[in-house]
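With numbering that gives the first Met the number 0 applied, the sequence shown corresponds to residues 0 to 518, in that order. Just so it is clear, CB atoms sit at the ideal spot from N, CA and C, and this is done for glycine as well. None of these values were measured; they are calculated from a predicted model. Everything below concerns the one structure shown next.
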Amino acid sequence: MGEGMRGEIEVRRALLSVYDKTGVVEFARRLCEQGVALVATGATATAIREAGLPVTALEERTGFGELFGGRVKTLTPQVHGGLLMQRDSARDRDEAAAHGIEPIDLLCVNLYPFLDTIAAAGDDRKRCIEMIDIGGPAMIRAAAKNHQHVLVVPTPAHYGPVAEALAEGGGRVSRSFSAELAGGAFALTAAYDAAIHGYLASPGALGDRWAAGGPRWQALRYGENPSQPAACYVTGGGFWRGLVQHQGKELSYNNLADLWAGCQAVGEFDECAAVVIKHRTPSGVALGRDPAEAFVRARDGDPLSAFGGVVALNRVGDRRVAECLAEMFLEVVLAPEWSAEALETLRRKKNLRVLAGGDAARGAGAASFYSLGNAVLVQGPLPALSAPAAWNCVTREGAADDTLAELEFAWRVVRHVRSNAIAVTKERRTLGLGGGQTSRIDACEVALMKARRAEHETEGSVLASDAFFPFADVVERAAAAGVRAIVQPGGSRRDEESIAACARLGIPMYFTGERVFAH
Numbered sequence: 000m001g002e003g004m005r006g007e008i009e010v011r012r013a014l015l016s017v018y019d020k021t022g023v024v025e026f027a028r029r030l031c032e033q034g035v036a037l038v039a040t041g042a043t044a045t046a047i048r049e050a051g052l053p054v055t056a057l058e059e060r061t062g063f064g065e066l067f068g069g070r071v072k073t074l075t076p077q078v079h080g081g082l083l084m085q086r087d088s089a090r091d092r093d094e095a096a097a098h099g100i101e102p103i104d105l106l107c108v109n110l111y112p113f114l115d116t117i118a119a120a121g122d123d124r125k126r127c128i129e130m131i132d133i134g135g136p137a138m139i140r141a142a143a144k145n146h147q148h149v150l151v152v153p154t155p156a157h158y159g160p161v162a163e164a165l166a167e168g169g170g171r172v173s174r175s176f177s178a179e180l181a182g183g184a185f186a187l188t189a190a191y192d193a194a195i196h197g198y199l200a201s202p203g204a205l206g207d208r209w210a211a212g213g214p215r216w217q218a219l220r221y222g223e224n225p226s227q228p229a230a231c232y233v234t235g236g237g238f239w240r241g242l243v244q245h246q247g248k249e250l251s252y253n254n255l256a257d258l259w260a261g262c263q264a265v266g267e268f269d270e271c272a273a274v275v276i277k278h279r280t281p282s283g284v285a286l287g288r289d290p291a292e293a294f295v296r297a298r299d300g301d302p303l304s305a306f307g308g309v310v311a312l313n314r315v316g317d318r319r320v321a322e323c324l325a326e327m328f329l330e331v332v333l334a335p336e337w338s339a340e341a342l343e344t345l346r347r348k349k350n351l352r353v354l355a356g357g358d359a360a361r362g363a364g365a366a367s368f369y370s371l372g373n374a375v376l377v378q379g380p381l382p383a384l385s386a387p388a389a390w391n392c393v394t395r396e397g398a399a400d401d402t403l404a405e406l407e408f409a410w411r412v413v414r415h416v417r418s419n420a421i422a423v424t425k426e427r428r429t430l431g432l433g434g435g436q437t438s439r440i441d442a443c444e445v446a447l448m449k450a451r452r453a454e455h456e457t458e459g460s461v462l463a464s465d466a467f468f469p470f471a472d473v474v475e476r477a478a479a480a481g482v483r484a485i486v487q488p489g490g491s492r493r494d495e496e497s498i499a500a501c502a503r504l505g506i507p508m509y510f511t512g513e514r515v516f517a518h
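As structure tokens, this is what we get:
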């Protein structure tokens with residue numbers, strides 16, 4: 000009956016039907032060593048047979064071969080009956096005998112690579128739809144539901160642990176082991192369905208159900224603090240799938256959070272840019288003629304905060320920037336690619352995490368999630384950046400073209416500073432950033448304090464705010480520091496107060512019409 004007397008599952012018959020053939024022949028061999036009878040589908044059966052192992056083709060059990068180009072081969076009573084029958088039920092045993100259904104004690108199935116397909120050919124809708132597996136998830140769910148009697152093996156990563164457990168148990172495994180595999184199997188099919196939902200749903204659509212899930216990308220030593228367990232799971236393709244670590248210590252929870260924030264910020268710029276991130280907010284952002292100049296300017300925007308930060312570049316990292324990076328303590332550095340000379344230079348900082356890839360643009364349109372315990376906030380991305388030509392100049396005098404370009408730079412930066420946020424910039428670099436404050440005037444004072452601490456000359460700088468000014472106080476402090484122009488969303492019931500202050504102080508001010516909070 001496939002089950003022992005000690006709460007164990009005895010594996011006598013296994014069904015193998017895999018898309019990814021990696022390791023399946025060796026797994027089949029180890030099953031044979033435990034006396035397990037093998038049944039397999041199509042190419043899986045061929046691979047096992049060519050290895051000299053005994054195997055029965057599934058069609059010999061079902062009475063028909065694959066139908067409709069292989070879309071239908073396992074959706075039969077012989078398969079699902081063998082997976083779902085209760086071994087300890089006399090009625091189930093009698094029905095199985097009457098219909099020639101043999102119990103299946105172990106199911107080895109992996110799914111069509113839907114995520115890989117949409118990553119490689121997302122625009123080829125027909126090809127992607129064809130990679131939606133139907134029979135695989137149905138079998139996995141059936142076996143996982145009946146885990147009191149059936150062992151489900153849903154990925155090649157499970158082959159070794161399952162084979163070892165069977166060897167140790169003499170062909171038997173515990174029900175607790177089976178239940179653990181079943182829980183993981185349901186997580187796998189849930190993530191698979193979520194990926195399909197994400198592909199088919201309209202971009203930015205927030206429907207009646209929230210579906211997200213994916214494989215564990217990396218186990219982490221701990222979360223924000225050592226007392227908190229953590230892992231990173233990937234819910235789609237894009238950024239994370241392209242990331243390569245060349246050297247350094249294991250990435251931490253906080254490293255990953257800072258890394259994503261850095262890539263989003265540096266991804267704002269087509270020009271050569273660098274950003275230094277600390278606690279998910281920029282400490283410095285700058286443009287430069289090359290990566291070295293961009294990094295030095297970003298670092299020196301707030302050199303005190305840059306210590307121990309995360310650096311993201313949007314150009315290939317060369318030897319010159321590597322030498323600059325190696326001069327100080329940093330946690331993580333990222334570039335689209337690194338030259339061989341740059342990697343050689345960075346090797347002397349053996350603990351420095353050096354990463355390549357991670358195109359921020361590939362993840363830019365994704366929804367973002369924020370956990371509230373067992374509830375989840377979901378929102379779409381910010382809209383594309385508005386150009387200065389679309390802004391509204393609310394003062395009588397406008398700004399010169401170069402000042403408008405500087406305001407645009409500041410506006411790009413402030414979109415990535417934690418709210419309440421103020422960015423003070425000059426010559427396409429940040430002089431002071433004030434973020435994460437509980438009032439806008441505090442954010443302004445922090446930004447100006449940081450500029451003074453770094454001994455920057457703020458005369459002729461510009462200021463950007465991520466939300467409107469309800470009072471004139473920010474304008475007055477900006478004017479006292481020599482700020483020459485301001486950009487902000489506008490929309491306060493007291494806009495006239497700040498407009499009047501700008502007019503009185505001779506500071507052009509522009510309203511973008513869009514708030515860019517980043518809480």
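Cβ pair residue i, residue j closer than 8 Å
i    : j    : result
R174 : Q147 : yes
G213 : G235 : yes
F510 : V393 : yes
F294 : F328 : no
G41  : E7   : no
A56  : A44  : yes
L180 : H157 : yes
K553 : A325 : Beyond the ends of the chain as shown, which are 0 and 518, falls residue 553; an answer cannot be given.
A162 : F67  : no
A193 : A204 : no
G357 : L242 : yes
E407 : P382 : no
S282 : D301 : yes
V461 : T402 : yes
S418 : D465 : yes
C107 : L165 : no
Rounded distance between the beta-carbons of residue j and residue i, thought under 8 Å
i    : j    : result
A517 : V416 : 7 Å
P160 : N109 : So it is not a contact: roughly 15 Å between Cβ atoms.
R220 : S251 : 7 Å
A297 : V274 : 6 Å
W239 : W216 : 6 Å
Candidates the options: closest to residue i by CA position
i    : options                   : result
A341 : V320, K349 and R352       : V320
S88  : T75, N145, L110 and A46   : N145
L447 : A484, F67, R439 and G433  : G433
D299 : H455, A256, W209 and L250 : H455
C231 : G247, L258 and H245       : L258
S385 : A273, A325, E267 and A442 : E267
T457 : F470, Q436, I47 and R427  : R427
E167 : P335, E32, A256 and L286  : E32
V284 : V265, H278 and D269       : V265
K425 : V445, A404, I440 and G435 : A404
P202 : G379, F238, G169 and L406 : G379
L345 : R318, S367 and T73        : R318
A143 : D123, K125, L165 and I103 : I103
G22  : A50, N391 and G134        : A50
V17  : I47, R29, V482 and G169   : I47
L333 : C323, L312, E322 and E343 : L312
L30  : A97, G169, A95 and D19    : G169
6 Å Cβ shell around residue i - same chain, five flanking residues per side excluded
i    : result
R314 : C271 and P290
L105 : V10, A13 and L150
P112 : none
A463 : A409, W410, V413, A422 and V486
C501 : T394, V474 and M508
R60  : Q77
E336 : V315 and A355
L376 : Y369
A398 : A484 and P507
G183 : none
Beta-carbon contacts of residue i that lie in its chain and below 7 Å, excluding the five residues immediately before and after
i    : result
N254 : V309, E330, V331 and R352
T188 : P136, I139 and R140
A218 : A230
A450 : V423, L430, G431 and T457
Sequence-distant residues of the same chain with beta carbon closer than 8 Å to residue i, five excluded per side
i    : result
L504 : V474, E475 and A478
A200 : G206
G99  : Q77
I131 : Y111, F113 and I195
C127 : F113, T116, I117, A120, G121 and Y198
Residue i CB to nearest heavy atom of the ligand GTP below 7 Å
i    : result
A366 : Only the bare structure without any ligand can be found here, which leaves the ligand GTP out of the picture.
CB contact check: residue i to chain B, cutoff 8 Å
i    : result
S385 : Among the chains in the structure shown there is no chain B, since it carries only a single protein chain.
Along the chain, which unbroken stretches of the beta strand (DSSP E) at least 3 residues long are found entirely within the segment 444 to 487?
461 to 464 and 484 to 487
Quick check for students: name the residue ranges of the alpha helix (DSSP H) that lie wholly in the segment 78 to 128, counting only runs of 4 or more.
89 to 97 and 113 to 120
Segments of 3+ residues assigned as beta strand (DSSP E) that fall wholly inside the segment 370 to 397
374 to 378
Tell me the start and end of each unbroken beta strand (DSSP E) in the segment 297 to 352 that is at least 3 residues and wholly inside, in chain order.
309 to 312 and 331 to 334
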